[in-house]
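The structure under discussion appears below in the form of structure tokens.
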Amino acid sequence: LPVGRIGQPDDIADAIAFLIGNGFTTGSTLHVEGGHRLI
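Numbering (my numbering), first residue to last: 15 to 53.
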């Protein structure tokens, strides 16, 4: 289900912070699109 709102820069920043801070995640694609891939 889409989250029902337009993404904000903070949403992208949170995803980047997660990838930078997680040393065990490598070679991953993180889709930050509010669930729109599901529909």
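Note that the Cβ used here is the ideal one computed from N, Cα and C, for glycine as well.
Between the alpha carbons of residue i and residue j, how many angstroms are there, rounded?
i, j, result
"L33", "H50", "21 Å"
"T40", "A31", "14 Å"
"G35", "Q22", "20 Å"
"R19", "S42", "25 Å"
Considering only C-alpha positions, which residue in the set the options is nearest to residue i?
i, options, result
"L44", "A29, F38, G37, N36", "A29"
So residue i and residue j are supposed to be a Cβ contact under 8 Å. How far apart are they, rounded?
i, j, result
"G37", "V17", "Incorrect: roughly 28 Å between the Cβ atoms, too far for contact."
"D24", "V46", "That pair is no contact at about 11 Å."
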